[in-house]
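This report concerns only the one structure given below.
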Amino acid sequence: MHSLELARIATVIAAWSESLAVGSSQIPETALANFWMANRQRFELWNRGLTRFTELEKVGRSLAMRDWWLTHLAMIEEILISEILTRVMAAVGAMIDAKVANHTIEPLTQSVYHRHLEARNRVLRLLLFGRGSSVEEALRLNRLRRTAERWTDWLVGPLTARHPETLAFVIDRGRARTMAEGAEHRMQDGLFAATLAMTTGWQGLRHSLLGLAQFRPAMPNANRLVGEAALACLGPSLFDSLGVPRSEIGCRIELGESLECVPGSGPRAYHPLFRCEPIHSPPAMLLRWTN
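See below:
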């Protein structure tokens, strides 16, 4: 699997993030554990490649460093592009655990997020001070980085309108606030917001990244495991009997968390409005029409 497919999965998860945030039971525990494990294995592969360059740099092997760039260029692109999915998953984890006392999702997504930041920082150091790369390659990778950052804010930014805790996972807070303007109005219709993110978002992201990334994936098997685990986080409870994802409003009504539902427990259950005795109106008198 190419890292561009991971960016596509990020658009899907961001599109249905409001439905996922309704309750922590929406994400299966096994899927989240597999997501953490798959990312850990991929981080180890990244670390081996980046450590190899550090060793070559210490001994000053210029030709070997040039060969390293030629063989690991796809890995650097993969680190920059797949960061989109990492930040989206971290934002969704923060959204879900912000409403519950027992944090079970955010620690795992935060762990993946911080490990990815470490790999990202090492890549940025290579772009600034690393030897062996050409000027054209460095400029192209820098454009790729800026494009991935812009699309990260496009996906995570609208979530900050209703979930301020997700602001920690954007790149540029000013740009994210701009993306969040009008997001509350668009998110009132969950189906519309999801369709917009999966169509317009993915098409624009694909065209902007396709010309900057190589077609050869660096670690297709590791990316496949990460992508499968991320998609598995969209649990069966998110879909209806026809396989259509439920909107945020539909999930809230089904779980009894909608304003239209009388709460059975929690602080809202003690509100005077819900403690009023039901009014039993007399049955309507049926009039019988006669000639």
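FYI, in my numbering the residues of the sequence shown are 6 to 296. C-beta: ideal position from N, C-alpha, C; glycine also.
Cβ shell of residue i (< 8 Å), same chain only, five flanking positions each side left out
| i | result |
| --- | --- |
| L11 | I86, S87, I89, L90, N228, V231, G232 and A235 |
| S22 | V93, A96, V97, M100 and L164 |
Contact set for residue i: own chain, Cβ-Cβ below 6 Å, skip 5 residues either direction
| i | result |
| --- | --- |
| F197 | In this prediction, F197 scores a pLDDT of 48, lower than 50, which makes its location untrustworthy; the coordinate-derived value is nonetheless stated afterwards. Same-chain partners within the cutoff: there are none. |
| D102 | H108, I110 and E111 |
| W74 | G137 and S138 |
| R221 | A79 |
Residue i, enclosing alpha helix (DSSP H) - first and last residue
| i | result |
| --- | --- |
| R13 | S8 to A20 |
| M100 | E88 to D102 |
| F48 | E34 to V64 |
| Q115 | E111 to F134 |
| M184 | R178 to A185 |
| G232 | P225 to A237 |
| T171 | Unbroken run through T171: none, as it is neither H nor E. |
| A153 | V140 to V161 |
Chain-order list of residues whose beta-carbon lies under 7 Å from that of residue i (same chain, five-residue window excluded)
| i | result |
| --- | --- |
| V93 | A15, I18, A19, L160 and V161 |
For residue j and residue i, believed in contact at Cβ under 8 Å, the rounded distance
| i | j | result |
| --- | --- | --- |
| T171 | A96 | 4 Å |
| R130 | D158 | Between D158 and R130 the Cβ distance is about 23 Å, and since that is not below 8 Å, they are no contact. |
| L214 | T152 | 6 Å |
| W41 | A124 | Wrong, their Cβ atoms sit about 15 Å apart, outside the cutoff. |
| L239 | R145 | Not really, about 33 Å apart at Cβ, beyond 8 Å. |
Spatially closest choice to residue i from the options, by CA coordinates
| i | options | result |
| --- | --- | --- |
| I81 | H121, I110, M184 and I101 | H121 |
| H7 | E83, R71 and Q46 | E83 |
| Q115 | A38, F134, G216 and E154 | A38 |
| Q219 | L239, A181, I176 and L149 | L149 |
| H108 | R221, F48 and E34 | E34 |
| A26 | L132, K104, A143 and T76 | K104 |
| F174 | L133, Y118 and N226 | Y118 |
| H77 | R155, L217 and F58 | F58 |
| P241 | L9, N226 and A36 | A36 |
| F48 | R13, R71, V128 and A69 | V128 |
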